[in-house]
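Residue numbers (my numbering): 108 to 284.
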């Protein structure tokens, strides 16, 4: 289906490295699969990071994006096993330590790259998970989370995430700490 699983990553106009793109596990919702494929095809030409999100003070970026993304995880990126890619490692560690995401514009959506620890504990290569959201949604949620006007939670099964405002919390009589 995909001719190459490698993609170049740029920070503005400067190349920072090469990563391998991995599709997520198959989803049972066909519209999500089609959207994920369209996004993956767009980024095959290169991921051009235009900015970084503001830092998240209360929740990890993964929790926020898993809640507000309409189709969940689009794909995963892992640094190619080529020689050390110092610029890519700096980008990765900056996102990880700063609790922020790297953002690429996709026209009517934004692609957010969340720095993640590799699933294999022996793998120290940079790894990102990619999510799409409408422009401004992630930043708006962070503002409300940081002001304690919004809460996120995930069900124990991990299948469903919800966002709650103070109003919906009081209407549902849900106790939040």
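All C-beta atoms, glycine included, are put in the ideal place defined by N, C-alpha and C.
Item: Beta-bridge partners of residue 128, as assigned by DSSP; Value: 184
Item: Nearest neighbour of residue 150, chosen from 253, 164 and 183 [CA to CA]; Value: 183
Item: Anticipated Cβ contact below 8 angstroms, residue 169 with residue 221, distance rounded; Value: 5 angstroms
Item: Cut-off 8 angstroms between Cβ atoms - residues of its own chain near residue 205, not counting five sequence neighbours on either side; Value: 159 and 162
Item: Other residues of its chain near residue 164: CB distance less than 7 angstroms, five sequence neighbours each side excluded; Value: 253
Item: Per DSSP, cross-strand counterpart(s) of residue 121; Value: 118
Item: Cβ distance (whole Å) where residue 213 is taken to contact residue 239 below 8 angstroms; Value: 7 angstroms
Item: Residue from 119, 112 and 114 with nearest C-alpha to residue 209; Value: 119
Item: Own chain partners of residue 139 with C-beta closer than 6 angstroms, once the 5 adjacent residues on each side are dropped; Value: 178
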